[in-house]
Amino acid sequence: MKEELQTKDSKIDELKQNPPLNFDDNGIKMSDTSFKALTGLNQDQLNDLCSHISASALRHTDIRSPRTTITCLLIKLRLGVSHQTLCTLFSIEDVRKMSRILDSASSALI
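Sequential numbering of the sequence shown, starting at 1, is according to full-length UniProt numbering.
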């Protein structure tokens, strides 16, 4: 019983570190069709967009990269999903934090 709980606890920790959607270049590849369905861009277009954003415009944290921040905004604009849905998809614990992420992404693109 104790081992089972420890296994489940470690699985939860692993999921927190790896959100269901991950758009960073980390070896986990999403198909271009899925990528475009979510963001409206293919991977090369997203790379190009992100290359035009200055390094100081968006913070890079352990939880999210500037690329993930831009992707959150693109998904919000394309699909119109709620902040809570974005929190679930990107393993962000607070809706207010997601609001700040979206604000910083839109400011970086202006």
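For every residue, glycine included, the Cβ atom is placed at its ideal position computed from N, Cα and C.
Rounded to the nearest whole angstrom, the C-alpha separation of L102 and L46 is 16 Å. The stretch 51 to 62 makes no contact with the stretch 78 to 86, as fewer than three CB pairs between them are under 8 Å. In this structure, I75 lies near L86, with their beta-carbon atoms less than 8 Å apart.
The beta-carbon separation of F35 and T68, rounded to 13 Å, does not stay under the 8 Å limit for a contact.
Just measuring C-alpha positions, the residue of Q6, K2, D44 and L77 sitting nearest L38 is L77. Our two residues, A108 and E4, have alpha carbons roughly 45 Å apart in a direct line.
Around the C-beta of S10, fewer than 16 other C-beta atoms lie within 10 Å, and the residue is accordingly described as exposed.
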